[in-house]
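Chemist: Numbering (mature numbering (1 follows the signal peptide of the UniProt record, and there is no 0)) for the sequence shown: -22 to -1, 1 to 197. Here's a structure for you.
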Amino acid sequence: MKRILAVLALMAVLALPGLAQAEVNGFYLAPKFLMSIQDTGVISRPYSDMTDESYSQFTLGGALAVGYDFYPQQQIPLRAEIEFALRGNSEKSWDSIYNGDSISTKGLWNTSTLFLNLYYDIQTGTPFVPYIGAGAGLAFNYVEYTVDGPGYNNSASDNFTNFAWNVGAGVAYNFNENFAVDLGYRFMMMGYNEVSKGDTNISNQPYNNEFMLGLRFTF
């Protein structure tokens, strides 16, 4: 985390002198540091007498967005961007009893996303600019499960490309017309996953609560 923050700070220091003399046309580049509470949603268990449950884990990630701010040229307080994000894995193991035997289930999940985001900036006449936003796109989900029991071992994994969406809000601080620091939150839904192997099926519908700290370089 410290390294990521240091990289963001270094990028800001290196970019500020050049940006200060540049004419603003609205295009921007936005690296982001992600702090995600990744939730599996309710996981259906492979055996009928096992209790369905969900699991959440804090993970870190990063994103890069390229966008256009309509305000500098058109005085329209809207921004549109394309964003790609990567996140760390979340993992969980469960122990259950089935027909008197101890059964262990281990899950691993990973999600990357590609979003088209739209933001409405609330101009306050100060450097602080609150905003609300929403986005839609694709979630690239990797899911892996391993089920172990006496005389039994089964593992399965799959990749899923699902429709995904997000809604959120935040606030930016504009140091000048070229450079801003952005702090935001969003809620994300990432589609439905079902992994099958033989007579074993495990499904879930993941979602994230995500906090973002980013820089915005407007050109």
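The C-beta atom is built at its ideal place from N, Cα and C for all residues, glycine as well. Since the structure is predicted, the reported quantities are computational estimates derived from the model, not experimental observations.
#1: For Gln183, which three-state DSSP category applies?
#2: Cβ atoms of Asp136 and Val107: under 8 Å apart, would you say?
#3: As an exercise, report each continuous beta strand (DSSP E) stretch of at least 3 residues that is fully enclosed by the segment 25 to 61, in chain order.
#4: For residue 213 and Tyr6, I'd like the C-alpha separation in whole angstroms.
#5: Check the C-beta distance from Gly64 over to Gly40 and give it rounded, since I have them as a contact under 8 Å.
#6: Since Val121 is in the beta strand (DSSP E), which residue starts that stretch and which ends it?
#7: Helix, strand or coil: how does DSSP classify Val20 here?
#8: Contact check, Lys10 vs Met190 under 8 Å by CB: the rounded distance?
#9: Could you check which residue in Tyr123, Thr37 and Asp47 has the C-alpha nearest to that of Asn95?
#10: Restricting to Cα atoms, I'd like to know which of Pro128, Thr124 and Gly192 is closest to Lys175.
#11: So what's Val(-16) in DSSP terms, helix, strand or just coil?
#12: Under a three-way DSSP split, which group does residue 199 fall into?
#13: By DSSP, does Met168 sit in helix, in strand, or in coil?
Modeler: Reading from the atomic positions:
#1: Three-state DSSP puts Gln183 in coil, outside helix and strand.
#2: Pairing Val107 with Asp136 gives a Cβ-Cβ distance that is not under 8 Å.
#3: Counting whole runs of 3 or more residues, the segment 25 to 61 contains the beta strand (DSSP E) stretches 34 to 47.
#4: No answer is possible for residue 213: the residues shown for the chain start at -22 and end at 197.
#5: Sequence inspection shows Leu at residue 64; the Gly mentioned does not correspond to that position. At roughly 6 Å, the Cβ-Cβ gap stays under 8 Å, so Leu64 and Gly40 are in contact.
#6: Per DSSP, Val121 belongs to the beta strand (DSSP E) from Phe106 to Gly127.
#7: Residue state, collapsed to three classes: coil.
#8: Right, their Cβ atoms sit about 5 Å apart.
#9: Residue nearest to Asn95 within the set Tyr123, Thr37 and Asp47 is Asp47 (criterion: CA-CA distance).
#10: Checked all of Pro128, Thr124 and Gly192; the closest Cα to Lys175 is Thr124.
#11: A caution first: Val(-16) carries a pLDDT of 49, below 50, which makes its placement in the model unreliable, though a value can still be read off. In the structure shown, Val(-16) sits in a helix (DSSP, three-state: H, G or I).
#12: Examination of residue 199 is not possible in this model, given that the chain is present from -22 through 197 alone.
#13: Residue state for Met168 is assigned as coil, using DSSP reduced to three classes.
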